[in-house]
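Trainee: Going down the list, the sequences are from chains A and B.
Heads up: the first sequence begins at 1 in my numbering, then just goes up one per residue.
Heads up: the second sequence begins at 1 in my numbering, then just goes up one per residue.
There are 2 protein chains.
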Amino acid sequence: MDLETHDMLLDALPGLYEKIYLSQSNRPEGMGFYDLVVSDIHGIRPKELVDAKKAGNKIIGAFCVYVPEEIVLALDAILVGLCGGTEFSMPAAEEYLPRNLCALIKSSLGFKVQKTCAYYQVCDLIIGETTCEGKKKMFEILEEHTPMYVIQMPPKPDQANSKEFWLQEMKNLIVKLEEITGNELTAEKLKEGIRLVNEKRTALQRIAETRKEHPPPISGKDALLVTQVAFYDDVARATQKATELYEELQDRIKNGVSGVDPSAKRIMISGTPMAIPNWKMHDIVETSGGVVVIEENCTGARYYSKIMDVDSLPDDLNELITALADRYLDLDCACFTPNDPRLENILKYAEEFKVDGVIYYCLQNCLTYSIEVYKAERALKEKGIPFLKIETDYGTEDVGQLYTRVEAFIEMLK
Amino acid sequence: MDLETHDMLLDALPGLYEKIYLSQSNRPEGMGFYDLVVSDIHGIRPKELVDAKKAGNKIIGAFCVYVPEEIVLALDAILVGLCGGTEFSMPAAEEYLPRNLCALIKSSLGFKVQKTCAYYQVCDLIIGETTCEGKKKMFEILEEHTPMYVIQMPPKPDQANSKEFWLQEMKNLIVKLEEITGNELTAEKLKEGIRLVNEKRTALQRIAETRKEHPPPISGKDALLVTQVAFYDDVARATQKATELYEELQDRIKNGVSGVDPSAKRIMISGTPMAIPNWKMHDIVETSGGVVVIEENCTGARYYSKIMDVDSLPDDLNELITALADRYLDLDCACFTPNDPRLENILKYAEEFKVDGVIYYCLQNCLTYSIEVYKAERALKEKGIPFLKIETDYGTEDVGQLYTRVEAFIEMLK
Numbered sequence: 001m002d003l004e005t006h007d008m009l010l011d012a013l014p015g016l017y018e019k020i021y022l023s024q025s026n027r028p029e030g031m032g033f034y035d036l037v038v039s040d041i042h043g044i045r046p047k048e049l050v051d052a053k054k055a056g057n058k059i060i061g062a063f064c065v066y067v068p069e070e071i072v073l074a075l076d077a078i079l080v081g082l083c084g085g086t087e088f089s090m091p092a093a094e095e096y097l098p099r100n101l102c103a104l105i106k107s108s109l110g111f112k113v114q115k116t117c118a119y120y121q122v123c124d125l126i127i128g129e130t131t132c133e134g135k136k137k138m139f140e141i142l143e144e145h146t147p148m149y150v151i152q153m154p155p156k157p158d159q160a161n162s163k164e165f166w167l168q169e170m171k172n173l174i175v176k177l178e179e180i181t182g183n184e185l186t187a188e189k190l191k192e193g194i195r196l197v198n199e200k201r202t203a204l205q206r207i208a209e210t211r212k213e214h215p216p217p218i219s220g221k222d223a224l225l226v227t228q229v230a231f232y233d234d235v236a237r238a239t240q241k242a243t244e245l246y247e248e249l250q251d252r253i254k255n256g257v258s259g260v261d262p263s264a265k266r267i268m269i270s271g272t273p274m275a276i277p278n279w280k281m282h283d284i285v286e287t288s289g290g291v292v293v294i295e296e297n298c299t300g301a302r303y304y305s306k307i308m309d310v311d312s313l314p315d316d317l318n319e320l321i322t323a324l325a326d327r328y329l330d331l332d333c334a335c336f337t338p339n340d341p342r343l344e345n346i347l348k349y350a351e352e353f354k355v356d357g358v359i360y361y362c363l364q365n366c367l368t369y370s371i372e373v374y375k376a377e378r379a380l381k382e383k384g385i386p387f388l389k390i391e392t393d394y395g396t397e398d399v400g401q402l403y404t405r406v407e408a409f410i411e412m413l414k
Numbered sequence: 001m002d003l004e005t006h007d008m009l010l011d012a013l014p015g016l017y018e019k020i021y022l023s024q025s026n027r028p029e030g031m032g033f034y035d036l037v038v039s040d041i042h043g044i045r046p047k048e049l050v051d052a053k054k055a056g057n058k059i060i061g062a063f064c065v066y067v068p069e070e071i072v073l074a075l076d077a078i079l080v081g082l083c084g085g086t087e088f089s090m091p092a093a094e095e096y097l098p099r100n101l102c103a104l105i106k107s108s109l110g111f112k113v114q115k116t117c118a119y120y121q122v123c124d125l126i127i128g129e130t131t132c133e134g135k136k137k138m139f140e141i142l143e144e145h146t147p148m149y150v151i152q153m154p155p156k157p158d159q160a161n162s163k164e165f166w167l168q169e170m171k172n173l174i175v176k177l178e179e180i181t182g183n184e185l186t187a188e189k190l191k192e193g194i195r196l197v198n199e200k201r202t203a204l205q206r207i208a209e210t211r212k213e214h215p216p217p218i219s220g221k222d223a224l225l226v227t228q229v230a231f232y233d234d235v236a237r238a239t240q241k242a243t244e245l246y247e248e249l250q251d252r253i254k255n256g257v258s259g260v261d262p263s264a265k266r267i268m269i270s271g272t273p274m275a276i277p278n279w280k281m282h283d284i285v286e287t288s289g290g291v292v293v294i295e296e297n298c299t300g301a302r303y304y305s306k307i308m309d310v311d312s313l314p315d316d317l318n319e320l321i322t323a324l325a326d327r328y329l330d331l332d333c334a335c336f337t338p339n340d341p342r343l344e345n346i347l348k349y350a351e352e353f354k355v356d357g358v359i360y361y362c363l364q365n366c367l368t369y370s371i372e373v374y375k376a377e378r379a380l381k382e383k384g385i386p387f388l389k390i391e392t393d394y395g396t397e398d399v400g401q402l403y404t405r406v407e408a409f410i411e412m413l414k
């Protein structure tokens, strides 16, 4: 760790968090846990991971919703999400990468080469994936700094050979993880892994359900943070805390309690993922007369959707792995072609969450999501749903301009 | 066809060609054929294709060296390269695509939606591939304008399941092409297709070999044009004309004839492909005291390398398809990860072609080639080979600045 640089990073976080999060009124009490997590972001959890390492558990890093946490858990290892959400770590990455690469990729590599992220430092292995070519090629540089393993995505998920290919990728990953952990995957252990991750997803999905109310009992930025934390928190605790929060949210609905102004316009944020501390877009929306009611992205619905039916899982390990592989290939990432299921989901969420408008959020130079704008905009306009595309990065230079655009957009919503 | 817009496009070409090509002194006589081809670029060849269609042959378009011409020919169809190399067709594409996408992708879609390319209009089917995500996602829009079929690339070519996956992609493509052509693939026909394409590659490779001489008997831009034309010309004629040119180049070497100044510095251009009429970089280099002696790209070595051994081909169709699939997977595109073979080839070409310096040419927003810069530069510097990265597009705005940089680079070469 580069402690001096690391301290500079952590010094900036409390001010940002206070401004964006603690300034909200009438938040759910359950958010206290998440406030604590952020206030000690490189403290409690990294310490737990170091302790787990000492106790013989392996720590596996990942950047993407396609890395199967179920398998990692089943081998008594721990999965931590590593995506970078801050400009702070980008200059270090630009010594290796072209400048015009997406902020998330640069921030991610930056943390490792700069040695300022406790989570990277504790990992025994980082699992990459070939979802986007920016990451795919960045991993070739990252692997010079850390042990890495890359899983391949088939571009067209519907074909028979794609399914076979992906299943084999899962099996190859299992071989690698068995080697790293020294443990052997069993059907029983994998079922337990599936159960644990299912419970986490179910808890997050239930919170999402409460946001269908108007006004929602929780702000969009609070809901976003819950999912962001779930990416790297202990799976049982993430489930427990999200469940407690869900129960509180139900009470709030029953008692008509909410911190959200009933006149707020209901916004769907669709597009690229938002890693901690990237709360920029939600903050702009929610201080411009809007409330984010659903995130159609990897730090939202794509993370907690596709719950598996635990009661009807097969007992055979091979069949279990196949069922799990199918679950992942059924996600609607823009890395796939064609990707009509994502369009269908955007329209479905727009209806279910009664959104007044969609803000399509794209990190600059994210080609796949950026090209999908064309069809998404067309499909939404056909349904009469207002649409705004925002392309931005982690910097603050464009915040004034973004406020102007978002305020104008929200103002014109009926 | 939009003939009015099309005429505007064609009006610009002769002036450009005269300035870049016809201004060269002491060119090989064999270039007369290529001058004719460019002067009638939307005339003779499209007419031939239309006639072939009338005679029952299908016309298949493609954008990439991974689309197996051998199979297309074996089914009595004709493969034409469709990559767009002009700014002219880009604004039309920007109605569908984000602006910050590579010029080649925008130019390609633009030709179709603008209806200004005779080659697109004549195609019965366009075969795309998932080499880069910009193209992969652009094809989703293109397919609304033309019949399309997309073949999948495995990201990690070395793995057993990747080879299997790719082989199945070839087999799926054969099914599709059999359906389109109404013909059935036989071992005999496929062998003949392999022989024809091999001969073309061999002829181009021989021309490349002559460029090892100093001064080379042919300029870089002339050699580039020969490969560019081979992408869409009749395969037998492309072979014949390249062979005639090769024979003339041998005579020129024997007689010490060359249009290239012996004081010219020997430059390798490495990076992204150059589609007609993208001669920008070669022109700058060759009017700045340099001569391009090798193109390490898809409109150069990657197109004509990996000749198959025709004498030892298997007789079994399945084995033949496997041998062909292996040949393609052995190419070193930046879409693969890791891609060390490309690094090795860059170093090999630098030595074999006795290059004084490498210009790494990247179209803006080409992520894969742009990220590979880091390792390429490092590997070349370790060998003491000067390196210059140029990032540009099809516009002329930056030509002055590029001249300044290229002249300074060539001047400092020993």
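Where a beta carbon is used, it is the ideal one built from N, C-alpha and C, also for glycine.
All figures in this text were calculated on a predicted structure; none of them were measured in a lab.
Please tell me whether VAL113(B) and ARG195(B) are closer than 8 Å, where the distance is taken between their beta carbons.
Mentor: Against a cut-off of 8 Å, the Cβ pair of ARG195(B) and VAL113(B) comes out as no contact.
Trainee: Three-state secondary structure (DSSP) at TYR119(A)?
Mentor: In this structure, TYR119(A) counts as helix in the three-state DSSP scheme.
Trainee: Consult DSSP for LYS112(A) and reduce its assignment to one of helix, strand or coil.
Mentor: Helix at LYS112(A).
Trainee: Between the Cα of ASP326(B) and those of GLY384(B), MET170(B) and ASP315(B), spot the shortest distance and give me the residue it belongs to.
Mentor: If we check each option's Cα against that of ASP326(B), MET170(B) comes out closest.
Trainee: Counting only Cβ pairs nearer than 9 Å, list the residues of chain A close to TYR96(B).
Mentor: In chain order: ILE371 and TYR374.
Trainee: Inspect the CB distances between the stretch 227 to 247 of chain B and the stretch 256 to 264 of chain B and report whether three or more fall short of 8 Å.
Mentor: No, the stretch 227 to 247 of chain B is not in contact with the stretch 256 to 264 of chain B.
Trainee: Less than 8 Å between CB atoms is the rule here; does GLN401(B) satisfy it with respect to chain A?
Mentor: Not one chain A Cβ lies under 8 Å of GLN401(B).
Trainee: For ASN161(B), would you say it is in contact with chain A, using Cβ-to-Cβ distances shorter than 8 Å as the test?
Mentor: Closer than 8 Å: yes.
Trainee: If we define contact as Cβ-Cβ less than 8 Å, is MET281(B) a contact residue for chain A?
Mentor: No, no contact with chain A.
Trainee: Using CA atoms only, rank isn't needed, just tell me which of ASN297(A), ASN198(A) and ILE253(A) is closest to GLU209(A).
Mentor: Minimum Cα distance to GLU209(A) is reached at ILE253(A).
Trainee: Please go through the same chain and pick out, in chain order, the residues whose beta-carbon is closer than 6 Å to the beta-carbon of PRO217(B), but skip the five residues on each side of it.
Mentor: Answer for PRO217(B): THR210, LEU249, ARG252, ILE253 and SER258, listed in chain order.
Trainee: For GLY134(B), report the span of its beta strand (DSSP E) as first-last.
Mentor: Note, GLY134(B): premise wrong, no beta strand (DSSP E); alpha helix (DSSP H) at 133 to 142.
Trainee: Mapping DSSP to helix, strand and coil, what is LEU363(B)?
Mentor: Reduced to three states, the DSSP call for LEU363(B) is strand.
Trainee: List the residues of chain B whose Cβ lies closer than 9 Å to the Cβ of CYS298(A), in chain order.
Mentor: Under the 9 Å cutoff, chain B gives no residues; its nearest Cβ is about 16 Å from CYS298(A).
Trainee: Where does the unbroken beta strand (DSSP E) through LYS265(A) begin, and where does it stop?
Mentor: Start and end: 265 to 271.
Trainee: Are at least three pairs of beta-carbons, each pair with one atom in the stretch 318 to 333 of chain A and one in the stretch 351 to 361 of chain A, less than 8 Å apart?
Mentor: Output reads no: the stretch 351 to 361 of chain A does not touch the stretch 318 to 333 of chain A.
Trainee: Please confirm whether LEU185(B) and ILE174(B) have their CB atoms less than 8 Å apart.
Mentor: Their beta carbons are under 8 Å apart, which means LEU185(B) touches ILE174(B) by this criterion.
Trainee: Assuming HIS282(B) and VAL292(B) are in contact, meaning their beta carbons sit under 8 Å apart, how far apart are those beta carbons, in whole angstroms?
Mentor: 5 Å between Cβ atoms; contact.
Trainee: Do VAL65(B) and TYR369(B) have their C-beta atoms within less than 8 Å of each other?
Mentor: Contact: no.
Trainee: Mind listing the chain B neighbours of MET68(A)? Cutoff is C-beta to C-beta under 9 Å, in chain order.
Mentor: One detail in the question is off: residue 68(A) reads as Pro in this sequence, not Met. Going along chain B, no residue has its Cβ under 9 Å from PRO68(A), so there is no contact; the nearest lies around 17 Å.
Trainee: Against PHE165(B), what residues of chain A qualify as contacts under a CB-to-CB distance less than 8 Å, listed in chain order?
Mentor: PRO154, ASN161, SER162, GLU164 and PHE165, listed in chain order.
Trainee: Verify the CB distance criterion: does GLU140(A) have a CB-CB separation below 8 Å to chain B?
Mentor: It does; some Cβ of chain B falls within 8 Å.
Trainee: Quick one: which residues of the stretch 121 to 139 of chain B get their C-beta closer than 8 Å to a C-beta of chain A? List them in chain order.
Mentor: Going along the stretch 121 to 139 of chain B in chain order, one finds THR130, CYS132, GLU133, GLY134, LYS136, LYS137, MET138 and PHE139 with a Cβ nearer than 8 Å to chain A.
Trainee: Does the contact criterion of 3 or more C-beta pairs under 8 Å hold for the stretch 354 to 373 of chain A versus the stretch 388 to 404 of chain A?
Mentor: Touching, yes, given that three or more Cβ pairs across the two stretches are closer than 8 Å.
Trainee: Starting from ILE60(A), follow the beta strand (DSSP E) in both directions and report where the run begins and ends.
Mentor: 59 to 62 is the extent of the beta strand (DSSP E) around ILE60(A).
Trainee: Where DSSP assigns a beta bridge to GLY128(B), which residues make up the other side?
Mentor: BP columns for GLY128(B) point to VAL150(B).
Trainee: For the stretch 115 to 130 of chain B against the stretch 369 to 385 of chain B, are there 3 or more C-beta pairs whose distance is under 8 Å?
Mentor: Short answer: they don't touch.
Trainee: How many Å lie between MET423(B) and GLU372(B) at the Cα?
Mentor: Past the edges of chain B, shown from 1 to 414, lies residue 423(B), and the structure says nothing about it.
Trainee: Would you call the stretch 337 to 344 of chain B and the stretch 101 to 121 of chain B touching, i.e. three or more CB-CB distances under 8 Å?
Mentor: No: fewer than three Cβ pairs fall under 8 Å.
Trainee: May I have the straight-line CA-CA distance separating TYR246(B) from LEU36(B), to the nearest angstrom?
Mentor: Distance between the alpha carbons of TYR246(B) and LEU36(B): 18 Å.
Trainee: For a quick check, are the C-beta atoms of ASP2(A) and LYS115(A) less than 8 Å apart?
Mentor: Yes, the Cβ-Cβ distance between ASP2(A) and LYS115(A) is below 8 Å.
Trainee: Buried or exposed for SER270(A), going by 16 or more other Cβ atoms inside 10 Å?
Mentor: Under this definition SER270(A) is a buried residue.
Trainee: In whole angstroms, give me the CA-to-CA distance for ALA52(B) and GLN240(B).
Mentor: Going from the Cα of ALA52(B) to the Cα of GLN240(B) covers about 20 Å.
Trainee: Mind checking if PRO341(A) is an interface residue toward chain B, Cβ cutoff 8 Å exclusive?
Mentor: It does not; no Cβ of chain B falls within 8 Å.
Trainee: Return the Cβ separation of THR392(A) and LEU402(A) in integer angstroms, given the expectation that the two are a contact with Cβ distance under 8 Å.
Mentor: With a Cβ gap of about 6 Å, THR392(A) and LEU402(A) count as contacting.
Trainee: Does the Cβ-Cβ distance between THR299(B) and LEU224(B) come in under 8 Å?
Mentor: Going by C-beta atoms, THR299(B) is nearer than 8 Å to LEU224(B).
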